[in-house]
Structure formats: structure tokens, C-alpha cells
Ligand code: GDP
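Numbering (the UniProt record's numbering), first residue to last: 3 to 444.
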């Protein structure tokens with residue numbers, strides 16, 4: 003179900019709206035640690051829309067001095083978990099400085115916002131509705147949560163969001179399923195053997211190959227099966243425009259990689275073993291990782307490689323040194339010409355996607371987190387104590403984590419690295435890119 007968060011300063015009518023939406027269905031209290039302790043969630047029904055609703059009213063009993071800080075934490079946590087935020091203002095009271103501040107927080111979040119002017123029954127709310135335009139969030143939905151007026155307008159405002167989210171959820175579910183086709187792209191410099199490899203994988207001469215660098219081909223996405231599992235192969239070489247100058251081509255292979263990451267879950271960077279690793283290859287690899295895609299590197303033409311083991315170790319070393327953000331990216335050897343190593347390459351590509359799609363429970367994550375903090379307590383830059391509270395996985399594909407706590411924004415890069423590498427090791431993310439962002443309440 004889509005998730006809708008009700009946001010707003012105290013007394014604008016959040017709980018009244020929550021109760022109206024949830025009706026008799028009992029609101030449950032979330033038992034997550036820290037900030038979310040006192041929020042209510044329930045299943046809402048609005049005409050023929052069903053969604054989950056989060057009420058953030060719990061902080062209102064708190065000490066007034068700490069209210070803005072706690073409110074911000076609450077609001078941000080709720081908005082992060084929600085697909086849409088209902089931002090309530092009080093039409094009778096007009097816009098207050100706190101409303102303006104909340105609007106600022108909401109503007110920087112990625113969650114879409116529906117502005118709602120509550121207590122709009124009768125005429126006493128008219129001035130407030132006009133004032134609300136100044137928030138720059140469009141025309142407010144005029145509502146009276148108490149009297150049940152404006153429900154149809156609220157429905158209309160939420161409908162497109164709910165429809166879009168349901169569509170996205172359905173698509174994400176399809177992508178998340180281990181049975182979904184593996185979206186694979188093969189990138190690399192001209193003549194690395196990309197087309198030969200694809201032909202070999204497919205077992206047929208579908209693409210034109212030849213010694214001439216950068217032959218133009220049509221763009222192709224090919225669906226096929228490997229040992230009963232579906233693969234959708236994206237041939238980026240096919241998307242490359244004809245270019246005569248070698249230098250231009252080299253630039254284009256980075257552009258290819260960028261285009262590939264738009265489609266692919268796993269990107270195979272193909273290297274020519276007779277040429278070794280070049281700066282250009284590192285650039286491509288770095289681009290793929292920075293875009294959050296899973297990367298596998300394959301040394302092709304292994305059938306004609308000389309000094310195999312020193313070549314392999316040399317490339318391995320150069321990769322670990324050159325790709326500072328992720329060590330241990332899988333490096334495999336293949337021969338597109340003979341087919342040797344291809345089974346292993348596809349097997350590793352599937353495993354890499356599994357890691358890239360993995361979700362870790364908040365419980366397991368925080369049990370590890372406690373130990374990690376004990377083993378290596380966070381520093382106190384300039385004597386200021388940083389108090390990380392908890393970590394949660396916000397997203398998969400790539401695995402993305404959020405760290406909450408006091409002044410965590412002051413954590414040095416080295417400590418963030420420590421946490422990222424810890425997560426990577428503890429939960430088997432291997433060498434897929436792992437993201438960590440921090441949120442400190444103010
Ligand atoms: P692309 O530009 O990356 O698509 O490269 P191609 O697939 O067109 O291959 C470039 C050249 O390398 C062709 O002459 C291929 O026959 C040759 N080649 C590709 N893979 C191998 C391999 O595994 N071993 C050997 N010996 N040659 C290969």
C-alpha cells in the first residue's frame with residue numbers, strides 16, 4: 003500500500019485527520035528505537051483509496067524548548083518512510099513561522115507534498131488559504147477534518163500519487179524478484195571483444211564482429227536464458243555512433259558505460275588481456291560504481307594471454323588501488339573465442355545482483371552497529387561528542403543506509419568508510435557499492 007505521512011506543527015488537526023482516515027481500525031504504535039517510538043500508524047480508507055497513514059503527533063507532549071528539534075527528527079523520519087506527505091496547516095490561524103520552517107524541510111525532501119488547509123469550514127479559513135499560497139506548494143486542499151468536509155478534494159489530490167506509487171511498487175516487486183531477468187550490460191573499450199562475447203553467450207552470430215574498432219550496429223536488448231534463469235543483455239556497443247577518430251571512441255566508451263547503467267543491474271567491464279588495464283578502464287569502472295551499479299570485471303582473450311598469473315595479479319592490484327571506493331571487485335578471466343570462463347562470469351553476475359538487491363533487517367543491522375561502535379567509538383572532533391543512534395536500510399539496488407544521531411553530520415569520512423566497510427563485510431555485500439547518508443536532528 004502507498005504510505006502517507008501527516009505532517010504539521012502541533013494543533014493543526016493531524017490526529018483528527020488521522021482518526022477520520024483510519025476510523026475504527028486500531029492505530030498501532032511503532033516500536034522502532036528512538037525517534038519513531040511515538041508515532042501512530044494505521045490503515046486508511048478514503049472513498050475508494052486505501053493507504054497506510056503515519057501520524058507524527060506524538061511529540062506534542064514534549065517540552066516546548068526541544069520541540070522544533072524533535073519535530074524535525076519526527077517529520078524527517080516520517081517523510082523518509084512515506085510516499086506522500088500531507089502537510090497540514092491551520093486555515094484559521096494562517097501561516098506561522100513554524101509552518102514556514104516545516105515547508106523548508108519538506109521542500110528539500112524528495113517525497114511529494116500535498117498541502118492541506120485544515121479547519122477550513124465556514125469562512126474563517128479564507129484568509130489562511132490565501133496565505134498558504136505563499137508557501138509555494140500550490141493551491142491547498144481545503145479540508146475540515148473535524149466536520150468531514152473537503153474529503154472529495156483530498157481524495158482527488160491523493161489519487162494520482164497513490165496510482166503512481168502502486169504502479170512503481172508493482173514494477174519494483176517485479177524487479178526485486180530473483181526470477182526477474184538479470185539486466186546485464188557489457189562495456190569496455192573498442193575491440194575488447196564485447197560483441198564476440200555476446201555472440202558466444204548467445205551461441206549464434208547475431209552481432210557483427212571484426213577487427214575494425216567501433217563497428218556501428220543497431221542497439222539491441224536480447225532476452226535469453228542461462229541454465230534456466232533469464233538474462234536480458236544490453237548491447238551498448240550497438241548504441242555507439244560511428245566515429246572515425248580513435249580518441250573520440252575512447253570518450254564514447256565512457257558514454258557507453260553511462261548509458262548502460264541506465265538499463266543494467268550488473269555491468270561487466272570487459273578488458274583485453276593482451277592490452278592490460280588502462281586509465282580509460284578505471285574511468286569506466288569508477289563511473290559504474292558511482293552510479294550505484296554492481297560491477298564485475300572480466301579479462302578477455304585469456305586464451306592468448308601471456309604470463310597469465312603475473313598479468314592477473316597486476317590487474318587485480320591496479321584495480322584495488324585505482325578503485326578507492328570499493329576493494330575486491332570480482333575479477334574473472336574469460337575467452338570469448340573459446341567460451342571458457344563464461345559460465346562462471348554469468349554465475350558471478352547473478353550472485354552480484356543478489357548482493358546488490360539484499361535487504362538487511364533493522365534489528366540485525368543495529369545489533370552489528372552496537373558492536374561496531376564499541377570496537378571503534380566515533381571520534382569527538384573539537385571536543386564535540388557525536389552520538390550515532392541507529393542505522394536503517396532505506397533502499398536496495400544499490401544498498402543504501404541512513405545513520406541517525408546527534409551531530410553525525412560531523413563524522414569524518416574515515417569513520418563513514420569504517421561503517422560502510424563493516425556493513426559490507428557483516429552482511430555479505432561483497433564489492434557492490436554501498437551508500438551511507440547521515441541525518442542529524444537540529
Ligand atoms: P568489441 O569492439 O568490444 O565488440 O570487440 P569485438 O568483439 O569486435 O572483438 C575485437 C577483436 O578481438 C576481434 O578480432 C575478435 O575476434 C577478437 N577477440 C574477441 N574475443 C577474443 C578472445 O577471447 N580471444 C581472442 N584470441 N580473440 C578475441
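We treat Cβ as the ideally placed atom computed from N, Cα and C, and that holds for glycine.
For clarity, every value in this text was computed on a predicted model and none was experimentally measured.
| Check | Outcome |
| --- | --- |
| Which of helix, strand or coil DSSP assigns to residue 187 | strand |
| Nearest residue (CA-CA) to residue 201, options 224, 274, 182 | 224 |
| Per-residue burial, residue 308 [other beta carbons within 10 Å of its own, 16 or more giving buried] | exposed |
| Other residues of its chain near residue 340: CB distance less than 7 Å, five sequence neighbours each side excluded | 305 |
| 8 Å Cβ cutoff met for residue 234 and residue 185 | yes |
| Buried or exposed by the 16-neighbour rule on C-beta atoms within 10 Å, applied to residue 310 | exposed |
| Local conformation of residue 475 per DSSP, three classes | Since the first residue of the chain shown is 3 and the last is 444, residue 475 is not available in this structure. |
| Close Cβ partners of residue 260 (< 7 Å) along its chain, the five nearest in sequence each way excluded | 289 |
| Test item: CB-CB of residue 332 and residue 360 under 8 Å | no |
| Helix, strand or coil at residue 349 according to DSSP, with G and I counted as helix | helix |
| Whether residue 269 touches residue 357 by CB criterion (8 Å) | no |
| Three-state class that DSSP yields for residue 94 in the structure shown | coil |
| Simplified DSSP assignment, three categories, for residue 160 | helix |
| Rounded straight-line distance, which links the Cα of residue 49 to that of residue 154 | 8 Å |
| Limits of the beta strand (DSSP E) - the one that residue 298 falls within | 296–302 |
| Close Cβ partners of residue 157 (< 8 Å) along its chain, the five nearest in sequence each way excluded | 48, 49, 51 |
| Beta-ladder partner(s) of residue 138, from DSSP | The partner list for residue 138 (beta bridge, DSSP) is empty, contrary to what the question assumes. |
| Three or more C-beta pairs below 8 Å linking the region 274–292 and the region 415–422 | no |
| Residue 306 beta carbon near the ligand GDP (any heavy atom closer than 7 Å) | yes |
| For residue 311, three-class secondary structure by DSSP | helix |
| First through last residue of the beta strand (DSSP E) which encompasses residue 395 | 389–397 |
| Straight-line Cα distance separating residue 196 from residue 190 | 7 Å |
| According to DSSP, residues forming a beta bridge with residue 77 | Paired residues: none, contrary to the question. |
| Between the CA atoms of residue 336 and residue 246 - distance to the nearest angstrom | Because residue 246 carries a pLDDT of 41, less than 50, the predicted location of this residue cannot be relied on, and the following value inherits that uncertainty. Their backbone Cα atoms lie some 29 Å apart in a straight line. |
| Which listed residue (172, 57, 375) has its alpha carbon closest to that of residue 89 | 57 |
| Reference residue 187, options 199, 194, 236, 179, closest by Cα | 236 |
| Cβ pair residue 368, residue 393 closer than 8 Å | yes |
| Cutoff 6 Å; reference residue 34; Cβ partners in own chain excluding five residues on either side | In this predicted model, residue 34 has a pLDDT of only 41, less than 50, meaning its place in the structure is not dependable; the value taken from the coordinates is given anyway. Excluding positions up to five away in sequence, the list is empty. |
| Coil, strand or helix - residue 46 by DSSP | strand |
| Rounded C-alpha distance that separates residue 378 from residue 300 | 36 Å |
| Anticipated Cβ contact below 8 Å, residue 302 with residue 274, distance rounded | 6 Å |
| For residue 406, the residue or residues it bridges with in DSSP | 392, 441 |
| Residue 320 in three-state terms, based on DSSP | helix |
| Meets three-Cβ-pair contact criterion under 8 Å: the region 79–99 and the region 123–134 | yes |
| Of the listed residues 364, 277, 427, 118, nearest to residue 316 (C-alpha basis) | 277 |
| Proximity of residue 9 and residue 108 at Cβ, strictly below 8 Å | yes |
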